[in-house]
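A.B. asks: Residue numbering for the sequence shown follows the numbering used here, starting at 261 and increasing by one per position.
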Amino acid sequence: MAFDLQNGSAATAQHAIRPEPLALFSHEPLPSGLITRIDNDSDSGFYGPLDVSSLATRAASAIANNSNADESLLRETLLKFLTLAQNDSMPDATHSCWLCIRMTLPTPVWTIPRWHMDGRMYDCSCPSPQLPHSKYAFTILGPSTRAMVTNPAVHAALMTPLSTGQCADLSEPNAELAVILAKYQAATVEPGQIIRFSWGEPDSPVHSEPDSSSSMRVFISILLGREKELRDMCDLRGQEYGVWYND
């Protein structure tokens, strides 16, 4: 494989009894001149069959049309990312995907972290015992995702009432929760470094959008699954399977 996990363990999920909730792949610097600016906020992507070659081409074009990205370099970078995700996943669960491309101009919204865990994305149809499903993600412009090192105390803090007597609303930034979690270890995610994180599990990683108040940002993630699972996800989200979207 072109990439290995940073801790030196097997990078393929099919060789693991239970994948780690959060995994960082060995960092490879992004190509020089890949991208330095975007034109507008954009949230685009695709729910449908996984074809890494055509997906890399289409995604590179979508990003280049809203930025000064070198489309050829970008396609090569995206192809590596998509291939890693495909190779790292269970072979029988890579028929379909959700590719998400978020391009944002500088915004103060995430100056205070929105610490949260990703919930259920679709109804898992894996045979028992079921292994956690994961997303793969990296940032090609701007700061990387903030993530906490897996720690039961961090998860407990999310479920503990704050000074208001209520638990934090995990859909919004929360200054009090940010202060509480600041004493715990955060993962160091380098620019362009690929991460894998589970969703819908009790120990799924606690993470947040980064502070991008002074930075443009392009964040890319992919989730893989069986066709039935991704069609279920489309039904849940009001999306159309096999069609690119641009919100």
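All residues carry an ideal CB built from backbone N, CA and C; glycine is no exception.
How many angstroms separate the CA atom of GLY452 from the CA atom of ASP429?
C.D. replies: 29 Å
A.B. asks: Closer than 7 Å by C-beta to SER321: which residues in its own chain qualify, once you throw out the five before and the five after it? Chain order, please.
C.D. replies: Closer than 7 Å at Cβ, skipping near neighbours: GLU331.
A.B. asks: Just the Cα atoms here: how many angstroms apart are PRO403 and PRO368?
C.D. replies: Rounded to whole angstroms, PRO403 to PRO368 spans 13 Å at the Cα level.
A.B. asks: Contact defined as beta carbons within less than 8 Å: I believe TYR396 pairs with ALA345. What is the distance between those atoms, to the nearest angstrom?
C.D. replies: 4 Å
A.B. asks: Which same chain residues end up closer than 8 Å to ARG486 when comparing Cβ atoms and leaving out the 5 residues on each side of it in sequence?
C.D. replies: ASP352, ALA353, HIS355, SER356, SER385
A.B. asks: Can you check which of these residues, ILE440, MET363, LEU290, is closest to MET408 by C-alpha distance?
C.D. replies: ILE440
A.B. asks: Fully enclosed by the segment 331–413, which alpha helix (DSSP H) runs are 4 residues long or longer?
C.D. replies: 331–348
A.B. asks: From the DSSP output, which residues share a beta bridge with THR503?
C.D. replies: It should be pointed out that residue 503 corresponds to Val in this sequence rather than to Thr. For VAL503, which the question treats as bridged, DSSP gives the partners TYR307.
A.B. asks: Straight-line CA distance for LEU339 to LEU290?
C.D. replies: 13 Å
A.B. asks: Got a sec, what are the start and stop residues for the beta strand (DSSP E) LEU290 sits in?
C.D. replies: No beta strand (DSSP E) contains LEU290, which DSSP labels as neither H nor E.
A.B. asks: Within 10 Å of its beta-carbon, does LEU483 have 16 or more other beta-carbons around it, so buried, or fewer, so exposed?
C.D. replies: buried
A.B. asks: Which term fits ASN434, buried or exposed, when burial requires 16 or more other beta carbons within 10 angstroms of its beta carbon?
C.D. replies: Counting the other CB atoms within 10 Å of its CB gives ASN434 a total of 16 or more, which places it among the buried residues.
A.B. asks: From this set, GLU469, GLU280, GLY502, PRO465, which residue's C-alpha is nearest GLY379's C-alpha?
C.D. replies: Of GLU469, GLU280, GLY502, PRO465, the residue nearest in Cα terms is PRO465.
A.B. asks: Looking at the unbroken beta strand (DSSP E) that takes in VAL478, where does it start and where does it end?
C.D. replies: 477–485
A.B. asks: Would you check if the segment 296–314 and the segment 357–365 touch, i.e. whether three or more CB-CB distances between them fall below 8 Å?
C.D. replies: Verdict: yes, contact present.
A.B. asks: What does a CB cutoff of less than 8 Å around ASN411 pick up in its chain, not counting 5 residues either side in sequence?
C.D. replies: Closer than 8 Å at Cβ, skipping near neighbours: TYR444, GLN445.
A.B. asks: Keeping to the same chain, check which residues put their C-beta closer than 7 Å to that of ALA329; ignore five residues upstream and five downstream.
C.D. replies: LEU294, ILE295, ILE323
A.B. asks: Buried or exposed for ARG497, going by 16 or more other Cβ atoms inside 10 Å?
C.D. replies: exposed
A.B. asks: Enumerated in chain order, which unbroken segments of the beta strand (DSSP E) with a length of 3 residues or greater are wholly contained in the segment 419–487?
C.D. replies: 455–458, 477–485
A.B. asks: Who are the near neighbours of HIS376 in its chain, counting only those whose CB is closer than 6 Å to its CB and skipping five residues on each side?
C.D. replies: LEU430
A.B. asks: Should THR424 be labelled buried (16 or more other beta-carbon atoms within 10 Å of its own) or exposed?
C.D. replies: exposed
A.B. asks: According to DSSP, is ILE298 part of a helix, a strand, or is it coil?
C.D. replies: strand
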